[in-house]
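**Student:** Let me begin by handing over the structure; questions about it come next.
There are 2 protein chains.
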Amino acid sequence: MSDPAPGPATFPAAIAARLRREILTGALPPGSPVKERDHAERLGVSRTPLREAVRILAKEGLVTLRPLRSPLVADPTRDEALDEVAVLRQLELFGGELACRNATAEEIAVIARLSETVERDHAGGDPVEVFDLDMQMHRLIVAAGHNAALARTHGEYLARLWRIRFMSARQRTDADRVLADHRGMVAALAARDTGAMRRHMESHLDALVRNVERHFAEGGA
Amino acid sequence: MSDPAPGPATFPAAIAARLRREILTGALPPGSPVKERDHAERLGVSRTPLREAVRILAKEGLVTLRPLRSPLVADPTRDEALDEVAVLRQLELFGGELACRNATAEEIAVIARLSETVERDHAGGDPVEVFDLDMQMHRLIVAAGHNAALARTHGEYLARLWRIRFMSARQRTDADRVLADHRGMVAALAARDTGAMRRHMESHLDALVRNVERHFAEGGA
DNA sequence: CTTTTCGAAATGGTATACCAGAATCATGCC
DNA sequence: GGCATGATTCTGGTATACCATTTCGAAAAG
Chain L
157 MSDPAPGPAT FPAAIAARLR REILTGALPP GSPVKERDHA ERLGVSRTPL REAVRILAKE
217 GLVTLRPLRS PLVADPTRDE ALDEVAVLRQ LELFGGELAC RNATAEEIAV IARLSETVER
277 DHAGGDPVEV FDLDMQMHRL IVAAGHNAAL ARTHGEYLAR LWRIRFMSAR QRTDADRVLA
337 DHRGMVAALA ARDTGAMRRH MESHLDALVR NVERHFAEGG A
Chain S
157 MSDPAPGPAT FPAAIAARLR REILTGALPP GSPVKERDHA ERLGVSRTPL REAVRILAKE
217 GLVTLRPLRS PLVADPTRDE ALDEVAVLRQ LELFGGELAC RNATAEEIAV IARLSETVER
277 DHAGGDPVEV FDLDMQMHRL IVAAGHNAAL ARTHGEYLAR LWRIRFMSAR QRTDADRVLA
337 DHRGMVAALA ARDTGAMRRH MESHLDALVR NVERHFAEGG A
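If you want it as structure tokens, here you go:
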């Protein structure tokens, strides 16, 4: 979420990254069609790689495919979003448990440093930047569990929920409690205390559920 | 796993289904390259849809993509497979818990009927058929949890682990304990007893872990 | 004025031609 | 004889042309 307008993206993954950014920032609003020719011309690329990029985004759940029709930018309902949060919760709790068991000292140190960075930059830093750091921390914790399949699937859910998380988080930051959760998670990880880790992660994830519910209650798109 | 040699598959999903079957049955052994031109000609289809089919299989984890190289039929190591089983375990346990809470009476009845079918056909029936029914039962239980995201992700893991599960199950059936687990799961579901459900599913999934470990210990491919 | 119908434009799906990088093998040098 | 090196062949990546279906507006019937 930093590059402004890079040159013509050549690989499908790069095209997907660009479209993903446009979707997540709202430049491509939910429900809008993703027409192959239009976006291909706009991005200075052929239909073939753009088509593949759309498929990548579809697999991530950011766009929904319709046979013989234009794909649409995904527009999950409240219940669908909560279902995804529920799965994310299970994946992340499992990741935390594995991290307590398998994380190396270096990984713990990196996570602790990142937590401090978030805490330091929280007040003055760019909210988007802080939000990305927060997500990166969760990703690192799961990665520290040393289960590649879990890390991959967890990453997919994070990507799919990025926009909702972002729009939920910017409404009310809950800054103090979020930071307290982070501190608790880092401490639990350092102590390899799976019970404490689970408690702090549950607190964190419960807050996410509340944020999402409030987001939709306030007519979020 | 029934159609012998259908006519030219026209849609990518159909092509993917055919390739999937060939991979899971071992016709395309793990590690073998999936060359676009060869298979496109063999299946009487162009490279474009076949390419998309390969991407579908890649997302399912059945083939691994390499930049500028032929994709390979996936050949997971023991640890990778066990990692995936561990995630499947979490997903399935969560599905069982949700099923106890959200399943309708009709869904419970369907699952109970299927369990009886498996039990009846187990002795004489085709092993492949029985295996598919077993997997279908797990799929139905998770689906009864009424969490679409969970069902989708769980289905992906089932597909990815199909071959290993199949080759593990055919070695030693563990028939009696498997059927006992099924009965226990159905009973727990009917009683909406999440604790009992979890215990029986854990028994089932522990057996799966043992099967996979034995499969690799015996030099499984 | 509303509704239906027909046709032109648009759009996704597929086939094919072309391009760039990689693998392979023959050849020549050490 | 072994190894580096080069050209040929093969393979995935991309662009483009063609086709089938859908869509949507205009025109005509009610």
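Protein chains in written order, with the working numbering: chain L, 157 to 377; chain S, 157 to 377. Idealized CB from N, CA, C, for every residue including glycine.
Please identify, using Cβ separations under 7 Å, the residues of the region 214–238 of chain S that lie next to chain L, in order along the chain.
**Tutor:** If the cut-off is 7 Å between Cβ atoms, the region 214–238 of chain S has LYS215, GLU236 near chain L.
**Student:** So which of S:LEU317, S:ARG211, S:PHE250 has the shortest CA-CA distance to THR233 of chain S?
**Tutor:** It is S:LEU317.
**Student:** Output yes or no for whether 8 Å exceeds the beta carbon distance between ALA300 of chain S and ALA261 of chain S.
**Tutor:** Result no, Cβ atoms of ALA300 of chain S and ALA261 of chain S do not sit closer than 8 Å.
**Student:** Could you check whether the Cβ of ALA305 of chain S sits closer than 8 Å to any Cβ belonging to chain L?
**Tutor:** So, interface residue.
**Student:** Run through the DSSP bridge pairs and tell me what PRO186 of chain S is partnered with.
**Tutor:** Looking at the DSSP assignment, PRO186 of chain S forms no beta bridge with any residue, so it has no partner.
**Student:** Here's a check: name, in chain order, each residue in its chain whose Cβ is nearer than 7 Å to the Cβ of ARG193 of chain S, leaving out the five neighbours to either side.
**Tutor:** Only ARG203 meet the Cβ criterion.
**Student:** Compare the C-beta of THR181 of chain S against all C-beta atoms of chain L and say whether one is closer than 8 Å.
**Tutor:** No, because no Cβ of chain L sits closer than 8 Å to the Cβ of THR181 of chain S.
**Student:** If we ignore side chains and look at the alpha-carbon of each, how far apart do LEU175 of chain S and VAL201 of chain S end up?
**Tutor:** Near 13 Å, if we compare the C-alpha coordinates of VAL201 of chain S and LEU175 of chain S.
**Student:** Going by beta carbon distance, what residues of the same chain come within less than 7 Å of PRO162 of chain S, once the five residues before and after it are set aside?
**Tutor:** Because the pLDDT at PRO162 of chain S is just 45, under 50, the model does not fix this residue reliably, and the point stays unresolved.
**Student:** LEU381 of chain S and MET291 of chain S: beta carbons closer than 8 Å?
**Tutor:** No statement about residue 381 of chain S is possible, as the shown extent of chain S runs from 157 to 377 and does not include it.
**Student:** For GLU178 of chain S, decide whether its Cβ has a neighbour in chain L, counting only Cβ atoms nearer than 8 Å.
**Tutor:** No, no contact with chain L.
**Student:** Quick one, which residues of the region 190–217 of chain L are near chain S if we go by CB-CB under 9 Å, in chain order?
**Tutor:** Under the 9 Å Cβ criterion, the region 190–217 of chain L contributes THR204, ARG207, GLU208, ARG211, ILE212, LYS215, GLY217.
**Student:** Assuming contact is defined by CB atoms lying nearer than 8 Å, are VAL298 of chain L and ALA305 of chain L in contact in what I supplied?
**Tutor:** It is not a contact, given that the beta carbons lie outside the stated cut-off.
**Student:** Write down every uninterrupted run of the alpha helix (DSSP H) in the region 239–311 of chain S whose length is 4 residues or greater and which is fully enclosed by it, in chain order.
**Tutor:** Complete alpha helix (DSSP H) runs here, min 4: 261–277, 283–299.
**Student:** If we count Cβ pairs, one from each stretch, closer than 8 Å, do we get three or more for the region 273–287 of chain S versus the region 361–368 of chain S?
**Tutor:** The region 273–287 of chain S is not in contact with the region 361–368 of chain S.
**Student:** Considering only the beta carbon of each residue, do GLY217 of chain L and ALA230 of chain L sit closer than 8 Å?
**Tutor:** Yes, they are a contact pair.
**Student:** Would you decide whether PHE287 of chain L is buried or exposed? Buried here means 16 or more other CB atoms lie within 10 Å of its CB.
**Tutor:** Buried.
**Student:** ASP332 of chain L to HIS371 of chain L, Cα distance in whole Å?
**Tutor:** If you take the alpha carbons of ASP332 of chain L and HIS371 of chain L, they lie about 20 Å apart.
**Student:** Could you name each continuous beta strand (DSSP E) segment of 3 residues or more that falls completely within the region 183–228 of chain L, going from the start of the chain to the end?
**Tutor:** You should have 219–222.
**Student:** Cβ of LEU206 of chain S within 8 Å of Cβ of ILE171 of chain S?
**Tutor:** A contact, by the Cβ cut-off of 8 Å.
**Student:** Report the rounded CA-to-CA distance for GLU374 of chain S versus ASN303 of chain L, giving the unit in angstroms.
**Tutor:** Cα-Cα distance, rounded: 23 Å.
**Student:** Please report whether the beta-carbon of ALA172 of chain L lies at a distance below 8 Å from any beta-carbon of chain S.
**Tutor:** No, its Cβ sits nowhere closer than 8 Å to a Cβ of chain S.
**Student:** If you count every other CB in all the chains shown that lies within 10 Å of the CB of GLU197 of chain L, and 16 or more means buried, which is it?
**Tutor:** It counts as exposed.
**Student:** Any beta carbon from chain S within less than 8 Å of GLY163 of chain L's own beta carbon?
**Tutor:** Because GLY163 of chain L sits at a pLDDT of 48, beneath the cut-off of 50, its placement in the model cannot be relied upon, and the point is left open.
**Student:** Measure the CB-CB distance between MET353 of chain S and GLU253 of chain S and report whether it falls below 8 Å.
**Tutor:** The answer is yes: Cβ separation under 8 Å.
**Student:** Considering PHE372 of chain S, what are the terminal residues of the alpha helix (DSSP H) in which it resides?
**Tutor:** 350–373 is the span of the alpha helix (DSSP H), which, as asked, contains PHE372 of chain S.
**Student:** So that I know if they touch, is there some Cβ in chain S lying closer than 8 Å to that of VAL365 of chain L?
**Tutor:** Judged by the 8 Å Cβ criterion, VAL365 of chain L is not in contact with chain S.
**Student:** Please report how far the alpha carbon of GLY187 of chain L lies from the alpha carbon of VAL243 of chain S, in whole angstroms.
**Tutor:** Answer to the nearest angstrom: the Cα atoms are 32 Å apart.
**Student:** Does the beta-carbon distance from MET357 of chain S to GLU275 of chain S come in below 8 Å?
**Tutor:** Result no, Cβ atoms of MET357 of chain S and GLU275 of chain S do not sit closer than 8 Å.
**Student:** Going along chain L in order, which residues have a C-beta closer than 9 Å to the C-beta of GLN246 of chain S?
**Tutor:** Going along chain L in sequence order, the residues near GLN246 of chain S (Cβ under 9 Å) are GLN246, LEU247, LEU249, PHE250, LEU306.
**Student:** Rounding to the nearest angstrom, what Cα-Cα distance links ARG177 of chain S and ARG222 of chain S in this structure?
**Tutor:** For ARG177 of chain S and ARG222 of chain S, the distance between alpha carbons rounds to 22 Å.
**Student:** Beta-carbon separation of VAL190 of chain L and SER226 of chain L under 8 Å?
**Tutor:** A contact, by the Cβ cut-off of 8 Å.
**Student:** Examine chain L for any beta-carbon lying closer than 8 Å to the beta-carbon of PRO160 of chain S, and answer yes or no.
**Tutor:** With a pLDDT of only 38 at PRO160 of chain S, under the threshold of 50, the placement of this residue in the model should not be trusted; the figure read from the coordinates follows. False, the Cβ-Cβ gap to chain L never drops below 8 Å.
**Student:** Taking 8 Å as the CB-CB cut-off, is THR309 of chain L touching chain S?
**Tutor:** Closer than 8 Å: yes.
**Student:** On the three-state DSSP scale, how would you describe PHE322 of chain L?
**Tutor:** PHE322 of chain L: helix per DSSP, three-state reduction.
**Student:** Pull up the distance between the alpha-carbon of ALA214 of chain S and that of ARG257 of chain L, whole angstroms please.
**Tutor:** Distance between the alpha carbons of ALA214 of chain S and ARG257 of chain L is about 30 Å.
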